[in-house]
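Visitor: Residue numbers (the numbering used here), protein chains in the order written: chain A, 1 to 391; chain B, 392 to 625; chain C, 626 to 791; chain D, 792 to 894; chain E, 895 to 1101; chain F, 1102 to 1487.
Where a beta carbon is used, it is the ideal one built from N, C-alpha and C, also for glycine.
The structure displayed is predicted, hence computed values, not measured ones.
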Amino acid sequence: MTQALDQIFVLTKQWLLGFVPASAQPICSAILSVVPVLIGFPLLFAITTWLERKGLGRLQNRYGPNRTGPYGLFQPIADAIKSLTKEDIVPLTADHTVHFLAPVLLAAASFLGYAVLPIGRNMVLVNMNAGVLYFFAVGSVVELAVFMAGWSSRSKYSLLGAMRAIAQMISYEVPLVLASIVAIMQAGSLSTVAIVDKQAGYTGIWPHWFVFTPWGVVGFALFMIAATAESNRSPFDLPEGESEIIAGYYIEYSGFKFALFFLGEYLGMFATSGMAITLFLGGWSAPFSFLTWIPSYVWFFAKLLALIAGFIWIRGTLPRLRMDQLMSLAWEFILPMALLNMLDAGIWHFMPAGVLRWLVCTAIVAVPCVLLGQGLKRNKKFQVRTYQFAK
Amino acid sequence: MNLETIKSELEAAVPGCRLELVANPSPSGQHSLRIDAAHAVAVAVCLRDAPGLRFDLCSNVTGIDWPGKQTTEKVKLRKLVDGTQQEVEELRTTTTPGSLEVVYHLFSIEKKHGPIVLRMSTQDRDANAHLPSLTPVWRSAELQEREIFDLFGVVFDGHPDLRRLLMWDEFVDHPMRRDYVGPDDYEYEPTAHDEVLRRANQHLSEAAAKLPSEAVGNQQSETDGNRLSEGGGR
Amino acid sequence: MTVTFLILAVITVAGTAAAMGLRNAVHCVLALTVGFAGVAAIYLQLDAQFVGLTQIMVYVGAVAILAVFAIMMTHTPLPAKPPTYSSFWLLGSVVAAAVFAVLAWAICSSAASTQGLPPEPEVSVQQIGDALMHQFVLPLEIMGLLLTAALIGAVVIAMDRREETK
Amino acid sequence: MSSLQSYLLLSALLFSIGLAGALTRRNAILVLIGIELMLNSANLNFIAFWRYGPAPAKLTGIMFAIFSISVAAAEAAVGLAIILAAYRHSKTTDLDQMNSLKG
Amino acid sequence: MVGEGILKGLVETARNFFGSYVGKDRLTTVQYPEERLPQIEAARSFPFLVYDGPDWDKGMRCVACQICEKECPPKCILIKKSADKKPDAVGKPQFYPAVFNIDISVCMSCQICVEVCPFDAIKMDVDYDLSTDDRFGDLLLDKERLAKSNEYYNAIHPTEAAAVDAHFAEERAKAEAKAKAATEAKAAAEAKVAPAAQEQPVGGETQ
Amino acid sequence: MITDASPAAQPELEPLSETSEEQLLEIAMGPQHPSTHGVFRMNVVLDGEHVVRLKPVFGYLHRNHEKIAESETYLGSMPYTDRLDYMCPITNNWAYALAVEKLAGIQVPERAEYLRVIVGELTRLQNHACLIGFLMQDMGSSGTPLMYAFREREKILDLFESLTGARMMCNYMRFGGCRVDMPAGWLEQAQNVVREFPRFLDEYENLLVSNEILMERTQGVGVLSKELAINAGMSGPMARASGVNYDIRKVDKYSIYERFAFRVPLGAHGDVYDRYMIRFLEMRESLKILNEAMRDIPAGPIVDPKMRIRGFRPKPGEAYGRIESPKGELGFYLISNGSLNPYRYRVRPPSLINLTVLEDLCIGQNVADVVAILGSVDIVLGEVDR
C-alpha cells in the first residue's frame, strides 16, 4: 500500500501509456511527464504567493490577504485575472521583439531546470548523466533573459537593474556551483538521482543527508545564500530593488508579461531550492526512518515549502545589501569558504570515520568561517556604537 | 546680548557700514538691525566670526514685501490763476517706491544666544531688487534665498545657484508679493462658490480688456473660459 | 535523426548568420546565443552530453553575457550608424565564400567523411573526470594556469585607470 | 546525409560565417564574436570526428573540445578586456577608426 | 560574531509572527466594514446643523449670523440670510439661513466653525462613510442634508450636548422667567391700565 | 577676519565634460519614486552606480501656504499648519501658537503647558518611530519595521483622536493654551501607551540596531561634518547626529521643558547610522519627559480665559517663535499690522533646510545610499514645499 501510494504517479503514467500504441509511447511518455510539471509548479507558485503574502503579513502584524475567498485563498486567482486583464504596455522606443521575448525566455528557462529534479522516488523527467551540470547550464540562460528585458525597455532604471542583475548573477553563479561541488564529490556523480540515492539510508533513525556533515552544512548554507542571490530574493533583491531602482529590469513590463517575470522569479526560487534539497537535504527521502511510509514526493514538497518559508522569513526581516557589499560578500566570504569546503569534503572522504574526522572537518570550516567573518567586519569597520549625551 | 552693543561692535569692526536699529513694538521684543547692502557680507562675516558674537546659525531667512504707497493729500499752493496769485487747494499724490525686505534670524550654537534679526532692503521692487547673498557666509541661506528669489523676486548677487525653488522655471511672476494676482488658468474646481467663479470670470474679462488678444490667448485659452462659465452655471 | 539534425543545423546557421549580419550589436549577440545553443544541441545529438552542456554554460552563460556587457560598457551606438560593415566587406565576403568552397569541396571529396555512424559510446561524466585526472592531467593543469592567467590578465587590462590611482 | 559529411559541412559553413563576420564587421566586439564562432566550428569538427571516429571510447575528441572551449572562454575574456581598454583609449569600438597605433 | 544581529532580527520577526496569532496587541488591524472601532466622543468629521424638535426646518438653531462663513479657513460655507425672522429655541425671533451650503470637498474638518458659533447651531458630525460617486452634487451639502436632530447630537457627543442642552435650558428658563416677569409686570400694568394690550405675536412678521 | 567669506568649503565640482571618462547616466529619481517620501525629485547624474551630481527639485506640492495665511485670520491658519508636516501636526500647531503668543504677549496656563508637552512628545515618539520604519523600508526590508512602527503609531494616534478629535489633522493648540482638556480616562490611557512603548523600542533594537546589513549599509554613509551641519543650518536630530549640541528645548527653554530631566544624545560620526540611532535615543528621552509630565500635570484652566477666539488682533510688531519639532527647528515668523490677518506669515521649515546639504551628502555614494540618506534626513513634502 505504502509502495503503491509512493509510486502512484509513476504507476498512473504507466497505466495510461498502456492505452497508446508503442510507436507513440516515447512522445506520450514525455508529455505525461512534462505536463504535470508545467501545471504543478505554477500551481505551487500561486500557493506560494498566497503563503508569502500571508506569512509576510503575519511577520508584520497584519492579516495579509483575507478578502478573496476563505482566508484569502483565491487571491492568486484574483491576481492572475488582474494581470491578464491589464493593458499590456510596451514603451514606444522599446525594442519590441526583444521586449516580448524576454519574459517568455525567462519563464521557459525557469522551467527547464525541473527536468533533472527528482521530485519523488522514480519521479524525475530525465535521469541525465550530467544532471547538475545541465541544471546550472540552463540556469545561466536566465541571465540572458534578464538582460534582454532590461536592455530592450530603453529605460534607464531597467538598464541599471539589468546591469545589477547580470553582475550579481554571474558573481553568485560561481559560489553556487562551487558550493554544490561538495555534494557531487561525495556522490561521485553529476546525476541528481545518484546524489539522492547516495543520501538514502539511515543510521538508527537519523538519515545520511549531506547536510548532517560539517562540509554539508557549510555547503548548504553557502548554497542557500548564493541561491537567494541567484533568484533575486531579499536581501539580495538589488536588481529589482523596489526602493532604489523601483522594479529594475522589469519596470517597463505590465500585465501578463509582468506576471511572467514574477512566475520566472518564483520558479527559479523553487528550482534552486529543489536543487538544494537534492544536493544536501536528501532529495525526497524522509527525515527519519520511521517516517518512510509517507510518500516521497510529499517529503520533497514539504522540504521545498520549508525552504520557501525560510525565504519569506528572511525577506520579512532583513534590509537589502548594497551592490559593492553584495560583491564583496561573494568574493571575500562565500567563494573562499566554498573552496575551503571542497578541501574539507575531500578530507572527510579520505579520513576514517570517527570522532576525529568530525572534529578535524568541523575545525577546518568553522575556524576560517569565524576568521573570515571577523575580517569582513574589520574591513568594513562597522560596529555597534555607544553614544554620548550633552551636558 | 544687547543689540546696541552688537551694533557698536559691528560698527567698530566694519568701518563704513551703516547700521540702524529697528524697534519692534510687539511684546516679543525682537528688535532688529538694518544693515546696508554694500557692507552686508562683511557685517555677516563679523557676526559669524567675532569671538563675542559667534552667530554661526542662520536659522531663518525670509522676505517681506512692502509695496509702494500712493498717498494723496490736499496741499495749498500759491499759483498764478488768471494772472493773479491765488491760493489753490490741490490734490497731490506722492508715491513711495516700496521695497522688498529680507530678514535673517541668527542664533549662536556655540554661545547659545540669539536671536538677532538682520534686515536688508532693496531700493525698489523692480529693476533694483538686488541684494548681496549671504549664502557664502551661511550655507543655510541657500535654499531660503532661492525661495525668496522665487516668491518675492529679490535677486541675490553672489548666490551660487539662483534658480526658482518652488515655482516652475517658466513661471514669470512672484507670488508672494502683495499685489500679485493669481492667474485664472488654474483648474478651478466647479464649486458651490459662485463667488469664486464670479471673481475668476471677472478677472478673466479684465485681463482680456487689459491685454491685447495675443497675450490673453497665451495665458488663457478660449476653452478655459468656457469651462469656467459652465462650472458657474451648474 | 536526420530531421533533428536538419532542424538544428538550420537554427544554428540562421542564428550565426543573423549574428554576423544584423546591424544592432545586441541583436547580433542575442542571435549568436541561438547559434551557440544550436551547436550545443548538435553536441547533445552527437552523444557528447558533457561538452554540450559546457557549451551552453560557457558560451550562453558567459561569453554572450560578457559580450553584451562589453557592448553596454562601450556605449556602442544602437543601432549602429550606417557603415556597419568594414570598408573591405566585399573582399572579406569573397574570402569567406572561397574558404567555404574549398572546405566543402574537400569534405565532399573526402572518402573518410562518408562512413556510417559507429555504435553509441558509453560516455559517463565519471569517465570524463577520470580521463581528465589521469590521461589529460597535464593539459588540465596547463589549462588551469591559462585560465588563471587569462582571468588576471583580463582584470588588469580592463581595470579602470582611476581605480589604479586610488 | 547526417553522416560525418553533413556535420563537417555544417562546421565549414559556421567557419565561413564566422570568418565573413570577422572580416567584414566594423565593431570590434562582433569581430571577436566571429572568431569565437570559428572556434566553435572547430569544436564541432572535433566532436563529429570523435563520434564517427574509430575509438569513441577514448574520449580524445571530447577532451579536445573541452580544452578548446576553455581556451575560447579565456580568449573571449581577454579579448573583451582588450576591447574595453582600447575603447577607453580611443573612445570607439569601430575598427576602421582604431587604425592608428598612436591612438 | 558576524550574523548575530541578523539572527536576533530573525528571532524578533518570528516572535511577531507567532505573537500575531496569540496576542491581540500585536495584530491591531480592524477588519473595517465588519468591525468598527468604538466611536470616540471627541471625533469629528464634517459639520452639521442642529435642530430642536421634530421639524428640521422650524427647529434649526442657526440664525444666519454668518460668523462661521467668515471664520471658515477654507471658505467652504455659504450662507444666505433670510428676509424674515423665525422664533429660535428660546423663543426670540431670529433670522434663519435661507441657504446654508457646506462644500465638504473643500472642508478640512478643523472645527473652527463650531468654536466660533455663539448659538451652538453648528456641530461636528462623526460619520465618515461619506464616499460617493457623485463628485460634486453629493459633496455639496445643503441645509436639508446638514440638518441633524438634537437627539442625534446627544447620541454622538453626549457630554458636550448635555452641556449645551443645560445651557439652553438655563437660557430658556431665564427667558421664561423674564417673560413671566414681563407678563406679571404687564398684568400689573394691566391692572392699572384697563385696555390690555394683547400679547406680542411671536411670529416672524415683525420687520 | 572679514575677508574670508566661506569657511565651510562648498564642494567644488569640476565641469562634467572633463571628469567624465565614460558617458554619464542622468536619471530622475521621483517625483514618482517609492523612496522620495512624496512628490520630490532628485536629478541624479550617475557614473555607473555612483552619484556624480544630484539636484533636488522642489515645488510639486507647493500651495503657497504663506500666501494663504495672509488672507486668513490668525486662528484660521492653525488648521493649515496641521498640513505642513502631516506626520507631526501638533508640534506645528505648537510652534505657530508659540509665535503668536510671543507676538501678542499671551501667557499660557500651566496645565496647558503640560498638555502641550505631553502631546508634543507623543508626536516626537510617533514621528521618530515611523521615520526609522521608513528608513528601513527605503533600505529594502519589506516594510516589517515600518509596520511595527505603524502599530505603535496607531496607539498614539488613538490618543490624539480621543483628545483632539482627529488622528492627524489635530488642530489642537490655541493661542494661550489648548483647545480642549483631556477627557476622562485619557491620562491613564496615555500612561499605558507610554509604559508599553519601551517594549516596542527594545523590539526595534533587537531587530535593527545590531543588524550587520544595516550597519554596513548606514555606517560611513552620508557623512555630514559638524562644521557643515552648523553652517548649513541643520537642526534637530540631523544636526545632533553630527555632534552639534543644540536642542531648542534646552536652549530656548520654551514652555516648561526646564522642569524635565532629559538628556540630548549626540552623534560622533554624522552618518546615516548616527542619525538613526540619535532618533532611537531621543525616543527614550522623550519617554522620560512624558513620564514626568504625566505624573506632575496640575489641574487648572487649559486656555487663557482672556483670549478671544474671534476678532483676535495683535498689536503691530513682529515675532519669531520656534520649537524643537521632531524634524528640527520649526519656526514661525509673523508680522502683524494690527489687523485681523497677519501681514507676513513665514514658516521656517526644518525639512527644507535640512535638504540644503543633500547633494553634499550624496556625491560619491551609491544610488542605494541616496535613498538611505534621503530617508535619514527625514523630510515631509508638505513642509518642504508648503
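Would you say ARG938(E) lies against chain F (beta-carbon separation less than 7 Å)?
Guide: As a working note, residue 938(E) is residue 44 in the fifth sequence. Chain F contact via Cβ: present.
Visitor: Measuring only the C-alpha atoms, how far is SER512(B) from GLU411(B)?
Guide: The sequence position of residue 512(B) within the second sequence is 121, counting from 1. The sequence position of residue 411(B) within the second sequence is 20, counting from 1. Each residue's alpha carbon lies about 12 Å from the other.
Visitor: Can you name the residues of chain A whose CB is closer than 7 Å to the CB of SER914(E)?
Guide: Reading the fifth sequence from its first residue, position 20 is the one you call residue 914(E). Within chain A, the residues near SER914(E) are ARG58 and ASN61.
Visitor: Would you list the one or two residues that DSSP bridges to ARG1275(F)?
Guide: Within the sixth sequence, numbered from 1, the residue matching residue 1275(F) stands at position 174. DSSP, once it has assigned bridges, lists GLY1278(F) as partnering ARG1275(F).
Visitor: Counting only beta-carbon atoms, is SER604(B) nearer than 7 Å to chain F?
Guide: Along the second sequence, read from residue 1 onward, the residue named residue 604(B) stands at position 213. At SER604(B) the pLDDT is 48, less than 50, meaning the model places this residue with poor confidence and gives no usable figure here.
Visitor: Beta-carbon of THR362(A) versus every beta-carbon of chain E: anything under 7 Å?
Guide: Here residue 362(A) corresponds to residue number 362 of the first sequence, with the count starting at 1. Taking Cβ atoms only, chain E never reaches closer than 7 Å to THR362(A), which makes this a no.
Visitor: Please name the residue or residues paired with ARG425(B) in a DSSP beta bridge.
Guide: Within the second sequence, the letter at position 34 stands for residue 425(B). GLU411(B) and ARG510(B).
Visitor: Could you check what DSSP says for ALA1420(F) in three-state terms: helix, strand or coil?
Guide: Locating residue 1420(F) in the sixth sequence gives position 319, counting from the first residue. It is a strand residue.
Visitor: So, at 7 Å on beta carbons, what are the nonlocal neighbours of VAL693(C) in its own chain, with the 5 sequence-adjacent residues on each side left out?
Guide: Numbered from 1 along the third sequence, position 68 holds the residue referred to as residue 693(C). Once the five neighbours on either side are set aside, the close Cβ partners of VAL693(C) are VAL651 and VAL654.
Visitor: Give me the Cα-Cα distance between LEU340(A) and VAL762(C), rounded to the nearest whole angstrom.
Guide: By one-based count along the first sequence, residue 340(A) stands at place 340. By one-based count along the third sequence, residue 762(C) stands at place 137. Answer to the nearest angstrom: the Cα atoms are 22 Å apart.
Visitor: For THR1182(F), report the span of its alpha helix (DSSP H) as first-last.
Guide: Numbered from its first residue, the sixth sequence carries residue 1182(F) at position 81. Looking at the DSSP string, the run of the alpha helix (DSSP H) that includes THR1182(F) is 1179-1183.
Visitor: With a threshold of 7 Å between beta carbons, is VAL750(C) in contact with chain A?
Guide: Taking the first residue of the third sequence as 1, we reach residue 750(C) at position 125. Yes, contact with chain A.
Visitor: State the CB to CB distance for the pair ALA1015(E) and LEU943(E), rounded to an integer number of angstroms; the pair is presumed to be in contact (CB under 8 Å).
Guide: Numbered from 1 along the fifth sequence, position 121 holds the residue referred to as residue 1015(E). Numbered from 1 along the fifth sequence, position 49 holds the residue referred to as residue 943(E). That belief holds up - the Cβ atoms of ALA1015(E) and LEU943(E) are roughly 6 Å apart, short of 8 Å.
Visitor: Could you confirm whether any beta carbon from chain E is found closer than 7 Å to the beta carbon of GLY72(A)?
Guide: Looking up residue 72(A) in the first sequence gives position 72. Taking Cβ atoms only, chain E never reaches closer than 7 Å to GLY72(A), which makes this a no.
Visitor: Can you give me the C-alpha to C-alpha distance between ILE312(A) and LEU904(E), rounded to a whole angstrom?
Guide: Position 312 of the first sequence, counting from 1, holds the residue named residue 312(A). Position 10 of the fifth sequence, counting from 1, holds the residue named residue 904(E). Spanning the two alpha carbons is a distance of roughly 11 Å.
Visitor: State the Cα-Cα distance for the pair SER23(A) and LEU17(A), rounded to the nearest angstrom.
Guide: Walking along the first sequence from the start, residue 23(A) turns up at place 23. Walking along the first sequence from the start, residue 17(A) turns up at place 17. Rounded to the nearest angstrom, the two C-alpha atoms are 11 Å apart.
Visitor: In the DSSP assignment, find the beta strand (DSSP E) that holds LEU491(B) and state where it starts and stops.
Guide: In the second sequence, the residue the question calls residue 491(B) occupies position 100. Start and end: 475-498.
Visitor: Which of the three DSSP states is assigned to GLU1317(F) in this structure?
Guide: Taking the sixth sequence and counting its residues from 1, one reaches residue 1317(F) at position 216. Helix.
Visitor: Thinking C-alpha only, which one of VAL1220(F), GLN1238(F) and ILE1454(F) is nearest TYR1273(F)?
Guide: One-based indexing of the sixth sequence puts residue 1273(F) at position 172. For the residues VAL1220(F), GLN1238(F) and ILE1454(F), the minimum Cα distance to TYR1273(F) belongs to VAL1220(F).
Visitor: Taking its Cβ as the centre, do 16 or more other Cβ atoms sit within 10 Å of LEU1232(F), making it buried, or is it exposed?
Guide: Position 131 of the sixth sequence, counting from 1, holds the residue named residue 1232(F). It is buried - the Cβ of LEU1232(F) has at least 16 other Cβ atoms within 10 Å.
Visitor: How big is the Cα-Cα spacing for ALA227(A) and PHE270(A)?
Guide: Sequence index remark: in the first sequence, residue 227(A) carries index 227 (1-based). Sequence index remark: in the first sequence, residue 270(A) carries index 270 (1-based). Answer to the nearest angstrom: the Cα atoms are 10 Å apart.
Visitor: So, at 7 Å on beta carbons, what are the nonlocal neighbours of ILE1079(F) in its own chain, with the 5 sequence-adjacent residues on each side left out?
Guide: Here chain F comprises residues numbered 1102 to 1487, so residue 1079(F) is not present and cannot be evaluated.
Visitor: Would the C-beta of HIS759(C) count as close to the ligand ADP, meaning under 6 Å from any of its heavy atoms?
Guide: The model depicted lacks the ligand ADP and carries no ligand whatsoever.
Visitor: So what does DSSP say about GLU87(A), is it helix, strand or coil?
Guide: Taking the first residue of the first sequence as position 1, residue 87(A) is located at position 87. Three-state DSSP puts GLU87(A) in coil, outside helix and strand.
Visitor: Chain B partners of SER1437(F), CB-CB under 8 Å?
Guide: The count along the sixth sequence starts at 1 and reaches residue 1437(F) at position 336. Result: SER417.
Visitor: Under 7 Å, Cβ to Cβ, is there at least one residue of chain E near GLY216(A)?
Guide: Here residue 216(A) refers to the residue found at position 216 of the first sequence. Not closer than 7 Å to any Cβ of chain E, the Cβ of GLY216(A) fails to qualify, so no.
Visitor: In whole angstroms, what is the alpha-carbon distance linking LEU1382(F) and ALA149(A)?
Guide: Counting from one through the sixth sequence, the residue named residue 1382(F) turns up at place 281. Counting from one through the first sequence, the residue named residue 149(A) turns up at place 149. C-alpha separation (whole angstroms): 45 Å.
Visitor: Taking the beta strand (DSSP E) that HIS565(B) falls in, what are its first and last residues?
Guide: Position 174 of the second sequence, counted from the first residue, corresponds to residue 565(B). HIS565(B) -> no beta strand (DSSP E), and no H or E assigned at all.
Visitor: Select from the region 406-439 of chain B all residues with a C-beta closer than 7 Å to any C-beta belonging to chain F, and list them in chain order.
Guide: If the cut-off is 7 Å between Cβ atoms, the region 406-439 of chain B has ASN415, PRO416, SER417, PRO418, SER419, GLN421, VAL432, ALA433, VAL436 and CYS437 near chain F.
Visitor: Kindly indicate the opening and closing residues of the beta strand (DSSP E) around GLY544(B).
Guide: As a first step, residue 544(B) must be located in the second sequence, where it is residue number 153. Run containing GLY544(B): none; DSSP gives neither H nor E here.
Visitor: When you compare only the Cα positions, how much space is there between ILE1464(F) and GLY1323(F)?
Guide: Residue 1464(F) sits at position 363 when you count from the first residue of the sixth sequence. Residue 1323(F) sits at position 222 when you count from the first residue of the sixth sequence. Taking the straight line joining both Cα atoms gives about 9 Å.
Visitor: With a threshold of 7 Å between beta-carbons, can HIS1166(F) be considered close to chain B, or not?
Guide: Here residue 1166(F) is taken as the residue at index 65 of the sixth sequence, counted from 1. By this cut-off, HIS1166(F) is not an interface position.
Visitor: Against SER1311(F), what residues of chain E qualify as contacts under a CB-to-CB distance less than 7 Å, listed in chain order?
Guide: In the sixth sequence, counting from the first residue as 1, residue 1311(F) sits at position 210. Simply GLU898, GLY899 and LYS902.
Visitor: Report the three-state DSSP secondary structure of CYS653(C) (helix, strand or coil).
Guide: Here residue 653(C) refers to the residue found at position 28 when the third sequence is read from its first residue. Three-state DSSP puts CYS653(C) in a helix.
Visitor: Quick one: measure Cβ to Cβ for GLU1262(F) and ILE998(E), integer angstroms, because I've assumed they're closer than 8 Å.
Guide: The residue you call residue 1262(F) lines up with position 161 of the sixth sequence. The residue you call residue 998(E) lines up with position 104 of the fifth sequence. Between ILE998(E) and GLU1262(F) the Cβ distance is about 19 Å, and since that is not below 8 Å, they are no contact.
Visitor: Taking the DSSP output, what are the residues bridged to TYR202(A)?
Guide: Numbered from its first residue, the first sequence carries residue 202(A) at position 202. Note: TYR202(A) sits in a beta bridge opposite PRO207(A).
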